[in-house]
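Step one of this worksheet: look at the structure below.
Number of protein chains: 2
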Amino acid sequence: MLNEMHIIHQLKTHFPQSIGDDAAVIPAFGNESYLISKDLLVEDVHFRRTYFSAANLAYKALHVNLSDIAAMGGKAQFVLCGIAIPLHQAEYAEDFLTAVVAACKDAGVILIGGDTTRSGDKLFISISVIGTAVTDTIRYRSTAKVGDAICVVGALGHAHLGLIACEQSLPNLLEYKNAFLCPKAKMDEGLWLAQKSAVHSMMDISDGLYIDLKKLCLASTLAAHIELNNLQPSMDFKHRCAQLQLDALNVMLSGGEDYGLLCTVDNAHYAQLAEDFKQKFDYPLHRIGNIEAGTGVYFTENAVPKHLILTPFSHFGESS
Amino acid sequence: MLNEMHIIHQLKTHFPQSIGDDAAVIPAFGNESYLISKDLLVEDVHFRRTYFSAANLAYKALHVNLSDIAAMGGKAQFVLCGIAIPLHQAEYAEDFLTAVVAACKDAGVILIGGDTTRSGDKLFISISVIGTAVTDTIRYRSTAKVGDAICVVGALGHAHLGLIACEQSLPNLLEYKNAFLCPKAKMDEGLWLAQKSAVHSMMDISDGLYIDLKKLCLASTLAAHIELNNLQPSMDFKHRCAQLQLDALNVMLSGGEDYGLLCTVDNAHYAQLAEDFKQKFDYPLHRIGNIEAGTGVYFTENAVPKHLILTPFSHFGESS
Numbered sequence: 002m003l004n005e006m007h008i009i010h011q012l013k014t015h016f017p018q019s020i021g022d023d024a025a026v027i028p029a030f031g032n033e034s035y036l037i038s039k040d041l042l043v044e045d046v047h048f049r050r051t052y053f054s055a056a057n058l059a060y061k062a063l064h065v066n067l068s069d070i071a072a073m074g075g076k077a078q079f080v081l082c083g084i085a086i087p088l089h090q091a092e093y094a095e096d097f098l099t100a101v102v103a104a105c106k107d108a109g110v111i112l113i114g115g116d117t118t119r120s121g122d123k124l125f126i127s128i129s130v131i132g133t134a135v136t137d138t139i140r141y142r143s144t145a146k147v148g149d150a151i152c153v154v155g156a157l158g159h160a161h162l163g164l165i166a167c168e169q170s171l172p173n174l175l176e177y178k179n180a181f182l183c184p185k186a187k188m189d190e191g192l193w194l195a196q197k198s199a200v201h202s203m204m205d206i207s208d209g210l211y212i213d214l215k216k217l218c219l220a221s222t223l224a225a226h227i228e229l230n231n232l233q234p235s236m237d238f239k240h241r242c243a244q245l246q247l248d249a250l251n252v253m254l255s256g257g258e259d260y261g262l263l264c265t266v267d268n269a270h271y272a273q274l275a276e277d278f279k280q281k282f283d284y285p286l287h288r289i290g291n292i293e294a295g296t297g298v299y300f301t302e303n304a305v306p307k308h309l310i311l312t313p314f315s316h317f318g319e320s321s
Numbered sequence: 002m003l004n005e006m007h008i009i010h011q012l013k014t015h016f017p018q019s020i021g022d023d024a025a026v027i028p029a030f031g032n033e034s035y036l037i038s039k040d041l042l043v044e045d046v047h048f049r050r051t052y053f054s055a056a057n058l059a060y061k062a063l064h065v066n067l068s069d070i071a072a073m074g075g076k077a078q079f080v081l082c083g084i085a086i087p088l089h090q091a092e093y094a095e096d097f098l099t100a101v102v103a104a105c106k107d108a109g110v111i112l113i114g115g116d117t118t119r120s121g122d123k124l125f126i127s128i129s130v131i132g133t134a135v136t137d138t139i140r141y142r143s144t145a146k147v148g149d150a151i152c153v154v155g156a157l158g159h160a161h162l163g164l165i166a167c168e169q170s171l172p173n174l175l176e177y178k179n180a181f182l183c184p185k186a187k188m189d190e191g192l193w194l195a196q197k198s199a200v201h202s203m204m205d206i207s208d209g210l211y212i213d214l215k216k217l218c219l220a221s222t223l224a225a226h227i228e229l230n231n232l233q234p235s236m237d238f239k240h241r242c243a244q245l246q247l248d249a250l251n252v253m254l255s256g257g258e259d260y261g262l263l264c265t266v267d268n269a270h271y272a273q274l275a276e277d278f279k280q281k282f283d284y285p286l287h288r289i290g291n292i293e294a295g296t297g298v299y300f301t302e303n304a305v306p307k308h309l310i311l312t313p314f315s316h317f318g319e320s321s
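Quick look at the structure:
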């Protein structure tokens with residue numbers, strides 16, 4: 002069975018320098034580089050038109066790409082929008098394109114091109130965002146260091162709870178539904194973090210913390226130690242998960258599509274950075290564990306090793 | 002009904018400077034710019050797996066994008082490959098990705114990123130190519146001038162004949178099938194033409210000469226006069242069309258996916274340029290008419306006005 006990490010591994014053997022981060026890097030002018038993302042959204046895989054308004058879908062399609070740029074410390078500048086449209090969805094597609102224009106203006110980025118074409122019976126969206134970054138401040142997955150504090154920006158598992166709420170047509174749960182339907186990329190946070198030399202590595206959390214952290218560890222050839230006591234879900238989140246017979250911890254670790262940021266920070270500078278972050282953004286830069294020598298991701302609870310059986314989200318419907 | 006020209010018109014009202022050419026232009030270093038294309042290919046709209054080998058599909062998916070860069074006078078450098086894969090097509094998709102790698106190496110471009118994800122039951126491909134060009138030599142659709150010779154690089158209608166041959170499982174017709182299955186982008190020709198100041202405007206021929214020339218005229222707010230005597234099909238092409246009860250002229254004017262180049266050339270320099278082109282590439286830069294004041298595309302046959310009823314190809318299955 003085809004697996005994204007397997008594909009990336011295959012491609013890396015052919016193009017070793019260029020594959021595997023949230024966005025590709027090419028030289029720009031002076032000390033700057035361009036960052037280029039490409040994310041696909043497929044109807045009935047990533048979204049259903051039954052509960053995604055054209056406006057929400059446009060916002061999300063743009064922001065999942067903005068998130069890739071943010072995760073590498075770039076400032077998003079330009080957008081290309083490709084869309085393959087089934088004949089019977091012309092009206093929805095037109096609303097979508099109008100909303101893409103609005104979402105681009107809202108995010109301060111310029112739509113510079115794309116492609117529109119016909120599809121059979123599913124809507125297919127391919128957006129690319131081009132950002133700029135000072136080359137020295139670009140952050141990768143492969144540069145975590147032993148001893149780094151593993152930090153998370155943004156809520157964990159909220160989008161997955163929202164997905165379940167949407168799929169099951171549950172009432173209320175608006176905060177979670179919005180986290181799933183129209184996640185806001187952490188553009189300012191990514192740019193700010195990348196400018197701090199204490200931030201050694203960064204990526205966005207799109208496939209779920211556990212899978213994404215595994216990718217960061219693999220790229221850095223290091224291990225991650227997560228202390229589960231640091232993953233404190235809110236009372237409301239815990240309560241909602243219990244109502245849905247979901248394990249809150251599993252949702253936080255495995256739920257995809259939150260589009261927060263995962264970064265590793267020099268341990269000596271974490272406390273100051275977290276204080277500055279809180280001051281600047283009015284919510285915490287949350288420390289959940291440490292980078293160590295070794296491979297893989299392992300957990301402790303109250304410092305006692307804990308084995309978790311997680312069922313991570315994967316694009317190909319299998320555990321990774 | 003949704004129509005690509007209508008969509009582009011809508012987008013142009015919001016982002017007037019940036020939409021409508023084969024590729025988007027953003028500043029690079031010094032006197033250079035980047036050109037960025039994005040073309041989507043959808044299973045059973047643009048290709049069928051029954052007669053597209055994974056290798057042909059990969060080659061075509063890359064070259065339709067290389068063609069966009071060539072058409073603006075750029076040199077292709079980098080590729081992003083997005084693919085949404087149905088579970089039951091994993092093997093075909095893996096062959097496709099292997100072939101993309103080979104096609105990139107063959108074309109001298111570097112695969113720098115992309116996205117792989119799951120699809121329902123159709124394969125979706127979204128490739129972007131990034132090229133570089135000296136900013137002053139980039140060619141647009143909007144810069145044709147009155148009196149320009151309208152010129153075509155490459156055969157007309159061959160890909161359409163190949164499409165019909167593939168769809169109807171006809172034997173032989175290999176040349177035409179190859180024109181459809183694995184068109185080679187006119188990379189060297191585009192780069193060479195863009196370096197000649199006599200070449201005023203350029204685009205690729207992807208939707209069929211008639212539609213593409215209409216787009217060039219619209220962008221340049223000028224008219225095109227085509228003398229049909231200049232569209233001389235080969236004996237073999239005429240013969241094959243007759244066998245299939247197709248009007249050869251209509252196929253040449255309306256058949257899509259040839260991925261040749263359409264350019265307009267200063268009349269005073271056409272003869273020399275055509276001679277140099279023939280010398281360099283060993284096939285003709287074919288003159289088919291002239292740019293005039295006015296709007297739209299009109300035809301003469303032996304200098305007598307001729308009204309043609311054409312049924313142009315459109316992404317949305319309607320005449321444009």
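Quick mapping for you: the protein sequence lines, in order, are chains A and B.
Be aware that the first sequence starts at 2, since it is given in this note's numbering, and climbs by one per residue.
Be aware that the second sequence starts at 2, since it is given in this note's numbering, and climbs by one per residue.
Even glycine gets a Cβ: it sits at the ideal position worked out from N, Cα and C.
| request: Mind checking the region 55 to 79 of chain A against chain B and listing, in chain order, the residues whose C-beta falls within less than 7 Å of any C-beta there? | output: Phe79
| message | Between Arg119 of chain A and chain B, is the shortest Cβ-Cβ distance under 8 Å, so that the two count as touching? | response | yes
| said: Per DSSP, what are the beta-bridge partners of Tyr299 of chain B in this structure? | reply: B:His226
| field | Contacting residues, own chain, Cβ-Cβ under 6 Å from Ile126 of chain B (five flanking each side not counted) | value | Leu42, Ala62, Ile84
| message | As a quick exercise: from A:Ala275, A:Cys82, A:Leu309, A:Asn251, pick the residue whose alpha carbon is nearest that of Leu162 of chain A. | response | A:Asn251
| message | Please report whether the beta-carbon of Val135 of chain B lies at a distance below 8 Å from any beta-carbon of chain A. | response | no
| query | Quick one, which residues of the region 150 to 170 of chain B are near chain A if we go by CB-CB under 9 Å, in chain order? | reply | none
| said: Can you check whether the C-beta of Val252 of chain A is within less than 8 Å of a C-beta belonging to chain B? | reply: no
| Which runs of the beta strand (DSSP E), 3 residues or longer, sit entirely within the region 116 to 174 of chain B? | 125 to 135, 150 to 154
| field | Within chain B, the residues that Val43 of chain A reaches when beta carbons sit closer than 8 Å | value | Ala85, Thr118, Arg119, Ser120, Gly121, Phe125
| said: Checking 8 Å against the spacing of the C-beta atoms, do Lys123 of chain B and Val154 of chain B come in under that value? | reply: no
| task | List the endpoints of the continuous beta strand (DSSP E) containing Ala77 of chain A. | result | 76 to 87
| said: With three or more C-beta pairs closer than 8 Å as the rule, is the region 112 to 119 of chain A touching the region 221 to 233 of chain A? | reply: no
| message | Between which residues of its own chain and Tyr299 of chain A is the CB-CB distance below 8 Å, once the five residues before and five after are set aside? | response | Ala224, Ala225, His226, Ile227, Pro306
| task | May I ask which residues mark the beginning and end of the beta strand (DSSP E) holding Tyr35 of chain B? | result | 33 to 37
| query | To the nearest angstrom, how far is it from the Cα of Ala249 of chain B to the Cα of His159 of chain B? | reply | 10 Å
| task | Kindly list the residues whose CB is nearer than 7 Å to the CB of Pro28 of chain B, restricted to its own chain and excluding five residues on each side of it in sequence; keep chain order. | result | Ser34
| Is there at least one Cβ from chain B nearer than 8 Å to Lys39 of chain A's Cβ? | yes
| query | Considering only the beta carbon of each residue, do Gly74 of chain B and Ala195 of chain B sit closer than 8 Å? | reply | yes
| query | If we cut at 8 Å on Cβ distances, does Ala29 of chain B have a partner in chain A? | reply | yes
| Cβ neighbour criterion (16 or more within 10 Å) applied to Lys106 of chain B | exposed
| request: Would you kindly work out how many angstroms separate the C-alpha atoms of Ser38 of chain B and Ala71 of chain B, rounded to a whole number? | output: 10 Å
| N-terminal and C-terminal residue of the alpha helix (DSSP H) that Cys183 of chain B is part of | Careful: Cys183 of chain B lies outside any alpha helix (DSSP H) and carries neither H nor E.
| Relative to the C-alpha of Gln90 of chain A, which residue among A:Thr301, A:Tyr141, A:Thr118, A:Asp259 is closest? | A:Thr118
| message | Please list the terminal residues of the continuous alpha helix (DSSP H) segment that includes Asp40 of chain B. | response | Where Asp40 of chain B is concerned, there is no enclosing alpha helix (DSSP H), although the beta strand (DSSP E) it sits in stretches over 40 to 43.
| Going by Cα to Cα distance, which pick from A:Lys239, A:Leu210, A:Gly257 is closest to Ile289 of chain A? | A:Leu210
| task | Check distances from the C-beta atoms of the region 277 to 306 of chain A to those of chain B and list, in chain order, the residues that come in under 8 Å. | result | none
| query | For Ala108 of chain B, which residues in chain A fall below 8 Å Cβ to Cβ? | reply | Result: empty, since nearest Cβ-Cβ is about 13 Å, beyond 8 Å.
| task | Taking only the alpha-carbon atoms, compute the straight-line gap between Cys392 of chain B and Tyr141 of chain A and give it to the nearest angstrom. | result | No answer is possible for residue 392 of chain B: the residues shown for chain B start at 2 and end at 321.
| request: Would you check if the distance between the CB atom of Ile128 of chain A and the CB atom of Asp40 of chain A is smaller than 8 Å? | output: yes
| query | With DSSP run on the structure shown, which of helix, strand or coil describes Glu276 of chain A? | reply | helix
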